[in-house]
Amino acid sequence: MRKVTLLAAACCVGFSCSWLPAVAQTKQQPAQKKTGGNPVFPGWYADPEGIIFGKKYWIYPTYSDRYQKQVFLDAFSSPDLLTWTKHERILDTAAVKWARRAMWAPAVVQKGKQYFLFFGANDIQSDQEKGGIGVAVASKPEGPYKDYLGKPLVDKFHNGAQPIDQFVFQDKDGQYYLIYGGWRHCNIAKLKDDFTGFVPFADGTTFKEITPQNYVEGPFMFMRNGKYYFMWSEGGWTGPDYSVAYAVSDSPFGPFERVGKILQQDPAIATGAGHHSVIQVPGKDQWYIVYHRRPLSETDRDHRVTCIEEMFFDQEGRIKPVKLTNEGVKKHKL
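For my numbering, add 26 to where a residue sits in the sequence shown, where the first one is 1.
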């Protein structure tokens, strides 16, 4: 056998060797990736906030594990929705002295040359406990972030809303609002220009309740064609029926009358599809929904993954039900 091999090698010197198998002559090129696939990156991650900074897409999720292990936040960036870079521990409890566990649902905004990351911590159950919604600041989207206030921004229950699941919405006049709340109550509050606190409304109140029907947690707001779209999560986050519904209004304060669900489980794909955010491609009527779901093979409450789908509207401006996929979305550079 050894002699035959040597002979074959020798006779190929200076000759075409066309009789050899084609596989020995050609190197197969890997197939080009056409879609990003779901989940979009490996690991257990939930409550994703998707946003665009410059020429990159960013996702800031909750690290999905037991509360005592949720002591840091990671971020992910992509130039095209196909390949994602992990930025580890952009914020952790070592940088926030009052936070000790359950760091949840980051919301990030750029203001000037700074990036502000709003987060929940400690999962407080009463006004007597330490924790709530905090703010961290950095000079780059990937951090590192440091505690901005040295204390929570919201540390009490107002209108029955647990201080978690914060989202920062900028209105068309430039004003920033904090929209937040668990325990089936949602508040909106007017942020000070420097994000150090709140400006009371004309009637003297600071926290206005805007809770729609079936609201549980995970609020998100965006504008399209002059209308305010308010979205939230329904159902129990540990169960298969976790889902997303929405309402539309002419004002960020509502009233918000529930239209219906647009994201929910598909028994053929995944369960517990909820706690989302929305990305609009700048200058285009092109939208993506970023959300978490639980793989069919998983029963652990914390085994959740982050996914992306395209989101469409009908001619009347209603959001079309989102189809869960394993393929995800196509490449799109900014």
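Where a beta carbon is used, it is the ideal one built from N, C-alpha and C, also for glycine.
If you're wondering where the values come from, they're calculated on a predicted model, not measured in any experiment.
Inter-residue spacing [alpha-carbon to alpha-carbon] between residue i and residue j
{"i": "Gln201", "j": "Lys216", "result": "8 Å"}
{"i": "Asp91", "j": "Leu117", "result": "16 Å"}
{"i": "Pro178", "j": "Gly160", "result": "4 Å"}
{"i": "Thr232", "j": "Pro226", "result": "4 Å"}
{"i": "Lys359", "j": "Phe224", "result": "37 Å"}
{"i": "Lys59", "j": "Ile78", "result": "22 Å"}
{"i": "Leu175", "j": "Phe144", "result": "11 Å"}
{"i": "Gly252", "j": "Val274", "result": "10 Å"}
{"i": "Asn64", "j": "Glu235", "result": "35 Å"}
{"i": "Pro245", "j": "Met257", "result": "6 Å"}
{"i": "Phe248", "j": "Lys123", "result": "33 Å"}
{"i": "Tyr272", "j": "Tyr255", "result": "7 Å"}
{"i": "Gln239", "j": "Gly261", "result": "12 Å"}
{"i": "Ser323", "j": "Met337", "result": "26 Å"}
{"i": "Asp106", "j": "Lys357", "result": "5 Å"}
Assigned exposure category for residue i - 16 Cβ within 10 Å defines buried
{"i": "Gln312", "result": "exposed"}
{"i": "Thr237", "result": "buried"}
{"i": "Thr325", "result": "exposed"}
{"i": "Ser277", "result": "exposed"}
{"i": "Asn352", "result": "exposed"}
{"i": "Val304", "result": "buried"}
{"i": "Gln341", "result": "exposed"}
{"i": "Asp191", "result": "buried"}
{"i": "Asp309", "result": "What sits at residue 309 in the sequence shown is Gly, not Asp. Classification of Gly309: exposed, given that the 10 Å Cβ count is below 16."}
{"i": "Glu155", "result": "exposed"}
{"i": "Pro167", "result": "buried"}
{"i": "Ser104", "result": "buried"}
{"i": "Ala294", "result": "exposed"}
{"i": "Gly96", "result": "Correcting the residue type first, residue 96 is Gln in the shown sequence and not Gly. Answer is buried; the Cβ neighbour count reaches 16."}
{"i": "Thr111", "result": "exposed"}
{"i": "Gln94", "result": "exposed"}
{"i": "Glu114", "result": "exposed"}
{"i": "Ala133", "result": "buried"}
Expected contact under 8 Å - CB spacing of residue i and residue j to nearest Å
{"i": "Val316", "j": "Ile334", "result": "5 Å"}
{"i": "Gly265", "j": "Glu243", "result": "The pair is not a contact, with the Cβ atoms about 13 Å apart (cut-off 8 Å)."}
{"i": "Thr119", "j": "Val355", "result": "Rounded, the Cβ-Cβ distance is 34 Å, inconsistent with contact."}
{"i": "Asp153", "j": "His301", "result": "25 Å between Cβ atoms; not a contact."}
Pick from the options that is closest to residue i, judged by C-alpha positions
{"i": "Asp173", "options": "Ile190, Arg210, Tyr203 and Phe221", "result": "Phe221"}
{"i": "Gly286", "options": "Trp84, Phe195 and Val270", "result": "Val270"}
{"i": "Gln291", "options": "Gly309, Phe279, Val274 and Pro321", "result": "Pro321"}
{"i": "Thr88", "options": "Thr111, Gly80, Arg127 and Thr109", "result": "Arg127"}
{"i": "Gly69", "options": "Lys234, Tyr83, Leu99 and Ile77", "result": "Leu99"}
{"i": "Asn381", "options": "Ala162, Trp209 and Tyr203", "result": "With the chain represented from 27 up to 360, any question about residue 381 goes unanswered, as that position is not in the structure."}
{"i": "Gly157", "options": "Phe193, Pro347, Asn148 and Val97", "result": "Asn148"}
{"i": "Met129", "options": "Pro293, Tyr203, Ala162 and Glu283", "result": "Ala162"}
{"i": "Ala101", "options": "Pro170, Val348 and Ala121", "result": "Pro170"}
{"i": "Tyr350", "options": "Tyr83, Ile150 and Arg319", "result": "Rather than Tyr, the amino acid found at residue 350 in this sequence is Leu. For the residues Tyr83, Ile150 and Arg319, the minimum Cα distance to Leu350 belongs to Arg319."}
{"i": "Thr109", "options": "Arg115, Phe67, Gln140 and Gln94", "result": "Phe67"}
{"i": "Tyr268", "options": "Gly298, Phe279 and Leu289", "result": "Gly298"}
{"i": "Thr332", "options": "Lys81, Lys82, Gly80 and Tyr86", "result": "Tyr86"}
{"i": "Glu363", "options": "Tyr314, Arg250, Tyr241 and Asp106", "result": "It is not possible to answer for residue 363, since the shown part of the chain is limited to 27 through 360."}
{"i": "Asp328", "options": "Asp197, Ala131 and Trp263", "result": "Trp263"}
Backbone secondary structure at residue i - three-state DSSP
{"i": "Tyr89", "result": "strand"}
{"i": "Lys95", "result": "helix"}
{"i": "Glu324", "result": "coil"}
{"i": "Ala128", "result": "coil"}
{"i": "Lys287", "result": "strand"}
{"i": "Ser303", "result": "strand"}
{"i": "Phe142", "result": "strand"}
{"i": "Asp118", "result": "strand"}
{"i": "Tyr254", "result": "strand"}
{"i": "Ser269", "result": "strand"}
{"i": "Phe195", "result": "strand"}
{"i": "Phe248", "result": "strand"}
{"i": "Phe183", "result": "coil"}
{"i": "Ala101", "result": "strand"}
{"i": "Tyr241", "result": "coil"}
Contact with chain D by residue i, beta-carbon distance below 8 Å
{"i": "Tyr317", "result": "Chain labels in this structure do not include chain D; a single protein chain is all it has."}
Residue i Cβ short of 7 Å to the ligand PLP heavy atom set
{"i": "Ala296", "result": "No copy of the ligand PLP occurs in the structure displayed, which carries no ligand at all."}
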